[in-house]
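Residue numbers (the working numbering): 227 to 806.
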């Protein structure tokens, strides 16, 4: 029987048993530590090369940086100005692959305006950069996508055209703009898609498993010691090569193995605000330079995402906190370009994430490159750090290339080249067909066409799974109370197919209710917990614990966002620890 992509509770148990938790040592070819986009991408690369692969994550898939990004799949215009042409070229190629081949159901084009504030020199300067940007994208498309760049080319706009496209933009303060296109993705859904695709090809995936140490034979790493946080049992997982893809936790992993600082990873905090779409009238997003970073105003369904900051962070890595000063900074800079200013009452949600930046010396985090590095500090251990969401596939390829070298020298095993540029993620197949059938699907199910579109944009061709749930229980076709953008079926599916184990997982990552509603999911939390509990075997006490923890988390976040300094914000946020 072929493996299933479903990350169900039963699949987790089977994965742990296969990796050795059943008591019988089972040696993997590659064990990946870290369930963010880099770890999930590495696991997919390894398993599709024919390697017996496992993945361990101490919390939830995408629970760190990979669910707290700007949600852009882009080349990075600012890296052109830093003359980092290689990174931009690579990222644009990956953007094209994701949009046209690998995840067309999750990645979609989005227009941006680049305002021109100076007359004369700025238009040709920025325009030439965008000619280069589009040219690199086109060249990458010719080599890998049959010439389909997937997005329109940039175009120049005068002030009156800007006013028509974006009535709420202060067009009288600019000389015009250039409209260009990039792409966006729900970053957490991308990670879940990667993990499910890896599982579909035979990878063993288990979350809520914390690596506590390494197994050694002499100098060589031959596996890990870990703690199953749910069963509170210690396990050993043996592997010929361990790949560390722990992002901002890289230093902690290095300490476990005595790697003596093979990589120096510096955490940089970036915060984002979410506001309702009707607060800013515009058909396109904006990108505006600030003194220390770049401000993006990004269309996000019925909302806008506004960010970001770029400041060093050396406090709690699991829950970086946005301070009042961070929020004021974003509001100040976005209000400088809007006719109607935003204030704190307009903010639906706030989230903060940490970028794992490679640093070799003291320098501002906004100037550190986003390129990644792969090292092998001791035999049997590969470490990868740096990079960006868009280039996860290249990072995974490079990590497995290093693992393959280690396998060849120790076991004489020849590993095939990477094929992930040709492996679509689950949901990509049949997506276009189902999109063409959207009206027919609406008639058959009784759901509004807008609901079908919503499901298609989140699950692609897997929409059939959701519609089957609704068919078996019509109550699952109803919207959640207090979070009407989402259906009850999506909560059940998150548990049965997407690895959700706790209320946090569903409200903050499988859906975006925690940042897309003014109450941050408080009203719908009891209903969601009951839906989850019916499939996870929770009793009333456990349901109450999950809801109580979530309410404490929301309150801790709200309190942290009232504090003026990082230190005070961190102290307020860590008052609500994780639940296991």
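Glycine included, each C-beta is placed from N, C-alpha and C at the ideal position.
Residue i vs residue j beta-carbon contact at 8 Å
i	j	result
residue 260	residue 471	yes
residue 519	residue 534	yes
residue 465	residue 280	yes
residue 492	residue 546	no
residue 556	residue 570	no
residue 684	residue 503	no
residue 450	residue 439	yes
residue 611	residue 489	yes
residue 702	residue 776	no
residue 688	residue 652	yes
residue 758	residue 726	yes
residue 769	residue 756	yes
residue 789	residue 782	no
residue 432	residue 282	yes
residue 767	residue 786	no
residue 455	residue 437	no
residue 754	residue 806	no
residue 616	residue 317	yes
As assigned by DSSP and simplified to three states, the class of residue i
i	result
residue 570	helix
residue 591	Its pLDDT being 36, under 50, residue 591 is placed unreliably in this model, and the coordinates cannot settle the point.
residue 526	strand
residue 347	coil
residue 674	coil
residue 494	strand
residue 534	coil
residue 255	strand
residue 619	helix
residue 482	helix
residue 793	helix
residue 381	strand
residue 767	helix
residue 436	strand
residue 233	strand
residue 604	strand
residue 775	helix
residue 500	strand
residue 611	strand
residue 576	strand
residue 557	helix
residue 752	helix
Between the CA atoms of residue j and residue i - distance to the nearest angstrom
i	j	result
residue 531	residue 505	12 Å
residue 680	residue 774	30 Å
residue 614	residue 620	10 Å
residue 241	residue 401	59 Å
residue 628	residue 322	26 Å
residue 524	residue 511	5 Å
residue 311	residue 618	18 Å
residue 630	residue 607	11 Å
residue 780	residue 408	32 Å
residue 425	residue 720	15 Å
residue 676	residue 690	16 Å
residue 672	residue 751	26 Å
residue 220	residue 463	Because the chain in this structure spans residues 227 to 806, residue 220 falls outside the shown range and cannot be described.
residue 763	residue 235	11 Å
residue 573	residue 255	47 Å
residue 405	residue 380	5 Å
residue 648	residue 765	44 Å
residue 252	residue 268	20 Å
residue 643	residue 278	15 Å
With 16 other Cβ atoms within 10 Å as the buried cut-off, status of residue i
i	result
residue 634	exposed
residue 567	exposed
residue 347	exposed
residue 654	buried
residue 645	exposed
residue 330	buried
residue 744	exposed
residue 591	Because the pLDDT at residue 591 is just 36, under 50, the model does not fix this residue reliably, and the value given afterwards should be weighed accordingly. It is buried - the Cβ of residue 591 has at least 16 other Cβ atoms within 10 Å.
residue 760	exposed
residue 228	exposed
residue 638	exposed
residue 609	buried
residue 341	buried
Residue i CB to nearest heavy atom of the ligand MN below 7 Å
i	result
residue 237	This structure does not include the ligand MN; it has no bound ligands of any sort.
Inset, instruction - Would you mind listing the alpha helix (DSSP H) stretches within the segment 274-346 that are 4+ residues and don't spill past its ends, in chain order? - result: 303-307 and 311-323
Legend entry - Complete runs of the beta strand (DSSP E) confined to the segment 443-480 [at least 3 residues]: 446-454 and 459-470
Inset, instruction - Enumerate, from N- to C-terminal direction, the unbroken alpha helix (DSSP H) stretches of 4 or more residues contained entirely within the segment 623-666. - result: 657-662
Inset, instruction - With a floor of 4 residues, list each alpha helix (DSSP H) that falls wholly inside the segment 688-750, ordered by position along the chain. - result: 689-698, 714-723 and 739-742
Legend entry - Every unbroken alpha helix (DSSP H) within the segment 399-439, with a cutoff of 4 residues, ordered by chain: 413-426
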